[in-house]
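In our numbering, the protein residues as written are 12 to 428. C-beta: ideal position from N, C-alpha, C; glycine also. It should be emphasised that the depicted structure is a prediction, and the values quoted were computed from it without experimental measurement.
Put into structure tokens, the structure is as follows:
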């Protein structure tokens, strides 16, 4: 573990928690499982290349294409490949799952792009009509939480005497895309022509306005804590005292270096200012994040849509975006690996924040419960199609996040203006 010893991890694990570090190599790979004062090491029959191939196959199911009439085309999920991947990664420790409440995972390589909750844990008969309700997925068995590294987990978990921010929630969404004319004038370098095409192709996210407003009501946020539409600009975002909020919610597009040739850092998009706009005004990137002084228990990146959904390299870029928030002072994140439908996102986020507001669960458990709720409702009051991992596996928790032991919300600080 380099500078971190196994004992450092074991002593900060809570009852019912296990920690799994997966190290992929060019030739051989290993899993290191720590729990109950013990360390279990086992070989994994995957290397960098084989892992990348497996992840690419599994992520084909969450790549939504359009046919000639503009209708969305959803691919079937390869349950056999998923089960085979599960067998290689986690079968050696599956006998411990019945005693396990939470599995904390440190991934590497292509696995960074794979939410483990969508792995299939038992052999599956043929799937008909996109009905996955009888498939055994890992998220049904255990709460999953992810960390960017063993070192970051130890640092986050070992922090003491935290001074929690006084305000509950700030939310941002419903960004306004820049006009084609502005983008054509801004992307003058021929090498960046594909970047302009990517920006032009991005659509609006109309469902994010209601998403942010509904969550704000649940979290008893103030009207001034919400920026949507034309108000969601970089200037207005930086005017807020972002360090005074416990939870920050960004419902907007994110573009990774795999999407933009002329940008080397992950970037979230914001609305352009009404006048004298520069290209940099459209980007809220890792440099902006690193300059912040945050004190957030949780940052939620709800609509991190990337055009490179099928590229496993996007996982490392998304991890880099998350790491920027951790450096800025964030303790936990929820990130999305692809863009799910408005309806399923609204259901998951609504149930997730309800549990956070009620302090009935920590953030990773609350997220799993919200995903389970969506999955169980598929074929009942929701379309059967929502049993597809595309809809419920999109979100994953990173870091340590919100815990039920957080101090009560200061109602004076969130009263309406």
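{"Item": "Helix, strand or coil for residue 143, going by three-state DSSP, please let me know.", "Value": "coil"}
{"Item": "Are residue 73 and residue 332 closer than 8 angstroms when you measure CB to CB?", "Value": "no"}
{"Item": "Between which two residues does the alpha helix (DSSP H) carrying residue 209 extend?", "Value": "204-212"}
{"Item": "In chain order, what residues of the same chain have a beta carbon less than 7 angstroms from the beta carbon of residue 245, not counting five sequence neighbours either side?", "Value": "281, 292 and 295"}
{"Item": "According to the neighbour-count rule (16 or more other Cβ atoms, all chains shown, within 10 Å of its Cβ), is residue 80 buried or exposed?", "Value": "exposed"}
{"Item": "Among all the DSSP beta bridges, which residues are the ones paired with residue 41?", "Value": "34 and 54"}
{"Item": "Just verifying my parser: in three-state terms, what is the DSSP assignment at residue 18?", "Value": "helix"}
{"Item": "Could you spell out the range, first to last residue, of the beta strand (DSSP E) harbouring residue 298?", "Value": "Run containing residue 298: none in the beta strand (DSSP E); it sits in the alpha helix (DSSP H), 297-301."}
{"Item": "In the DSSP output, which residue or residues are listed as bridge partners for residue 28?", "Value": "113"}
{"Item": "Does residue 448 pass the burial test, meaning 16 or more other C-beta atoms within 10 Å, or should it be called exposed?", "Value": "Any answer about residue 448 is impossible in this case: the structure gives the chain only from 12 up to 428."}
{"Item": "Here's the rule I'm using: 16 or more other beta-carbon atoms within 10 Å means buried, otherwise exposed. How should residue 426 be labelled?", "Value": "Its pLDDT being 39, under 50, residue 426 is placed unreliably in this model, and the coordinates cannot settle the point."}
{"Item": "Among residues of its own chain, excluding the 5 on either side of residue 271, which ones have a beta-carbon nearer than 6 angstroms to its beta-carbon?", "Value": "206"}
{"Item": "Grab me the residues of residue 211's own chain with a C-beta within less than 7 angstroms of its C-beta, minus the 5 sequence neighbours each way, in chain order.", "Value": "191 and 194"}
{"Item": "Leaving out five residues on either side along the sequence, give the residues of the same chain with a beta carbon under 6 angstroms from the beta carbon of residue 310.", "Value": "259, 336, 341 and 344"}
{"Item": "Helix or strand or just coil, what does DSSP make of residue 4?", "Value": "Absent from the model: residue 4. The displayed extent of the chain is 12 to 428, so no value can be given."}
{"Item": "Taking the continuous alpha helix (DSSP H) assigned at residue 388, which residues delimit it?", "Value": "374-388"}
{"Item": "The beta strand (DSSP E) with residue 191 in it runs from where to where?", "Value": "Not the beta strand (DSSP E): residue 191 falls in the alpha helix (DSSP H), residues 191-197."}
{"Item": "When the Cα atoms are used, what is the spatial distance from residue 314 to residue 364?", "Value": "16 angstroms"}
{"Item": "Quick check: what's the CA-CA separation for residue 96 versus residue 159?", "Value": "21 angstroms"}
{"Item": "Could you compute how far the alpha carbon of residue 180 sits from the alpha carbon of residue 261?", "Value": "11 angstroms"}
{"Item": "Using the beta-carbon count (16 or more within 10 Å), is residue 168 buried or exposed?", "Value": "buried"}
{"Item": "Rounding to the nearest angstrom, what Cα-Cα distance links residue 301 and residue 412 in this structure?", "Value": "19 angstroms"}
{"Item": "Evaluate residue 382 with the Cβ neighbour count: other Cβ atoms within 10 Å of its Cβ, from every protein chain shown; 16 or more gives buried, anything less gives exposed.", "Value": "buried"}
{"Item": "Within the same chain, show all residues whose beta-carbon is closer than 6 angstroms to that of residue 18, passing over the 5 residues directly before and after it, in chain order.", "Value": "none"}
{"Item": "Ignore the nearest five residues each way along the sequence and tell me which others in residue 50's own chain have a CB closer than 7 angstroms to its CB.", "Value": "17 and 43"}
{"Item": "Are there 16 or more other CB atoms within 10 angstroms of the CB of residue 278, so buried, or fewer, so exposed?", "Value": "buried"}
{"Item": "Does the region 97-117 come into contact with the region 390-405, if we say contact requires no fewer than three beta-carbon pairs (one atom in each stretch) closer than 8 angstroms?", "Value": "no"}
{"Item": "Using the Cα positions of residue 249 and residue 339, report the straight-line distance between them to the nearest angstrom.", "Value": "14 angstroms"}
{"Item": "Would DSSP call residue 138 helix, strand or coil?", "Value": "coil"}
{"Item": "Between the alpha carbons of residue 219 and residue 184, how many angstroms are there, rounded?", "Value": "5 angstroms"}
{"Item": "Of all the beta strand (DSSP E) runs that stay within the bounds of the region 217-242, which reach a length of 3 or more residues?", "Value": "237-239"}
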